[in-house]
Structure formats: structure tokens, C-alpha cells
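Below is one structure, written out as C-alpha cells, with a few remarks after it.
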Amino acid sequence: MAVTLPQERQAAATTTTRKPYPNYKVIVLDDDFNTFQHVAESLMAYIPNMTSDRAWELTNQVHFEGLAIVWVGPQEQAELYHLQLKRAGLTMAPVEPA
């Protein structure tokens, strides 16, 4: 015996809602021991497509505002960039949803 669903439930059962993966932020914090040069060079080394001008803008933002969001994107990449910057000695905030 075949089971049939009411038409409303049948339509709901076959509808797929696609949601994009959430983005995550990589945040560098100000500290008293990293030089401007080291922060800018680290950003250029580990953040894809980071230009010198943008790295220096972010470095100044870290210094004058206490932090800067240096990259936003998928979680796995955010965790990689976070780890690389942390290993370079930068002071990092935890990776968090954007």
C-alpha cells in the first residue's frame, strides 16, 4: 500500500533551502612588543592578495584603534591565517563569526 502525503507536506518535504556558509573574522590586536614593520610584513606574508599599502593601513588601525579585522571568509581559511599570524608572533583575538 503506497502512502501519500498531503500536497502541502509533499511540497515542503522536497524543498531544499540553501544557506551560505558563515564567514569568520581574523582580528589582530595591538600589543607592546611587535613593531609596525613586523605586523605589516606578517600580513603580507600570510593574508592572500595583501598589498603593502593595505597592510600598513591595517597596521596603523591595530596601533591606533587597538585591533583590526585583517581578513573575512570561510572558517577553515580564517583558522589557517589566524594560526599563521599567531605563529609569527602577532597578538590575535579568537576567530569569530562575521
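Here UniProt numbering is used: the first residue of the sequence shown is 1, the next is one more, and so on.
All C-beta atoms in this analysis are idealised placements derived from N, C-alpha and C, irrespective of residue type, glycine included.
In this text the structure is predicted, and so the values were computed from the model without any measurement.
Status (buried if at least 16 other CB within 10 Å, exposed otherwise) for residue i
i	result
SER52	exposed
LEU85	buried
THR17	exposed
ALA68	buried
VAL62	buried
VAL72	exposed
The alpha helix (DSSP H) enclosing residue i, as first and last residue numbers
i	result
ALA93	Element bounds for ALA93: n/a, residue is neither H nor E.
ALA78	75 to 87
THR59	52 to 65
TYR46	36 to 46
Nearest-angstrom beta carbon gap, residue j and residue i [assumed within contact, 8 Å]
i	j	result
TYR24	ILE47	Contact flag wrong, Cβ pair sits at about 14 Å.
ALA78	VAL26	5 Å
8 Å Cβ cutoff met for residue i and residue j
i	j	result
PHE33	THR59	no
PRO94	PRO22	no
LEU29	GLY89	no
Boundaries of the beta strand (DSSP E) in which residue i is found, first to last residue
i	result
residue 143	It is not possible to answer for residue 143, since the shown part of the chain is limited to 1 through 98.
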